[in-house]
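Under my numbering, the first residue of the sequence shown is numbered 698, with each subsequent residue one higher. Built from N, CA and C at the ideal position, the CB exists for glycine as well. Worksheet: the structure to be examined is printed underneath.
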Amino acid sequence: MIRLLLRRPLTLIGTLIVTLFLVLALIGSLIAPYGYAELVGRPRQAPSADHLFGTDQLGRDVFSRVLWGAREIIALPAVTTVLSVVFGTALGLAIGYVGGWVDEVVSRALDSLLAIPALALALVMLGVFGASSIGIIAVITLLYTPIVTRVVRAATLSARSAGYIEAARLRGESLTYILFREILPGVLPALTVEAALRFSYAIFLTASLGFLGLGVQPPSPDWGRMINEARGGFSQMPWALWFPAGAIALLVIGVNLLSDGLRRIFRYEGELR
698 MIRLLLRRPL TLIGTLIVTL FLVLALIGSL IAPYGYAELV GRPRQAPSAD HLFGTDQLGR
758 DVFSRVLWGA REIIALPAVT TVLSVVFGTA LGLAIGYVGG WVDEVVSRAL DSLLAIPALA
818 LALVMLGVFG ASSIGIIAVI TLLYTPIVTR VVRAATLSAR SAGYIEAARL RGESLTYILF
878 REILPGVLPA LTVEAALRFS YAIFLTASLG FLGLGVQPPS PDWGRMINEA RGGFSQMPWA
938 LWFPAGAIAL LVIGVNLLSD GLRRIFRYEG ELR
């Protein structure tokens, strides 16, 4: 799979972009020349050798704030994606295998959540949980778990009547064994692609909430909040908006290219089988 991944130019570019941002999330705070809340220069100073991305309206180094903010823009969506995949996989396997009225009731409840726009539902829920990292994780996990559940359920429905599942039942295997040792491996390709897509959407939603003032609160260098703070003075310091917005766009594009490459690779392997 890695060899096929590297053969596709766009997928390779996406992989390199995602890897770069992962590295920045790990070491960005170490290589940043200044602290994210440190006043280091004149306000609204244009990009220069001393301040590569210029300074914002308070005199903070934009380059340092972008590096510091990489951790949060990666960490929060990554945590929510993992939780959504874990909960969605367990629920999708269960209702897809059991079927019947249990499947109908749970599926209709999940469909009712999906009928509400994600951002609108997130705004309402954050009013309950509060604008904090824990609140954002809880909200996005609740929003994306139904989507993962539907994907896993569909794959489970097509697999539960297969011959190897019948053989496992005849051997007297437990339900847990059948779900996680027999069905789950066949669901993993679709689940991997869906996880990459959820990660991309989670990044964009996290940045949107930060832009609306419901993300991680100041002085944390949330990229969405940086865009919101800079838009009022765009005519005087456009660089303070361009760089965090460009970082968000580049990261989302990279994840989308990677997820598309994974989808093509799994489809190619399926055709070979």
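Look at Leu811 and Pro843 and say whether their C-beta atoms are less than 8 Å apart.
yes
How about Val890 and Arg960: do their beta carbons lie closer than 8 Å?
yes
Quick one: Cα of Ile724 to Cα of Phe760, how far?
14 Å
Report the rounded CA-to-CA distance for Asp957 versus Arg739, giving the unit in angstroms.
44 Å
Could you tell me the alpha carbon to alpha carbon distance between Ala767 and Ser858, rounded to whole angstroms?
45 Å
Tell me whether Ala746 is buried or exposed, calling it buried when 16 or more other Cβ atoms sit within 10 Å of its Cβ.
exposed
Member of Phe963, Ile962, Gly951 whose CA lies at the smallest distance from the CA of Leu717:
Gly951
Would you tell me roughly how many angstroms separate the C-alpha atoms of Thr778 and Ala899, rounded to the nearest one?
7 Å
For Asp758, count neighbouring Cβ atoms within 10 angstroms of its own Cβ and tell me buried if that reaches 16, exposed if not.
buried
Exposure of Glu769, with buried meaning 16 or more beta-carbon neighbours within 10 Å
buried
What is the residue span of the alpha helix (DSSP H) that Arg922 lies within?
920-928
Alpha carbon to alpha carbon, what distance is there between Leu820 and Tyr733?
27 Å
Let me know the secondary structure DSSP gives Leu894 once reduced to three states.
helix
Which one of Ala946, Met934, Ala942, Phe901 has the shortest CA to CA distance from Gly751?
Met934
Does the structure place the region 936-948 close enough to the region 778-795 that three or more beta carbon pairs sit under 8 Å?
no
Classification of Gly943 by the beta-carbon crowding that lies within 10 angstroms, buried from 16 upward:
exposed
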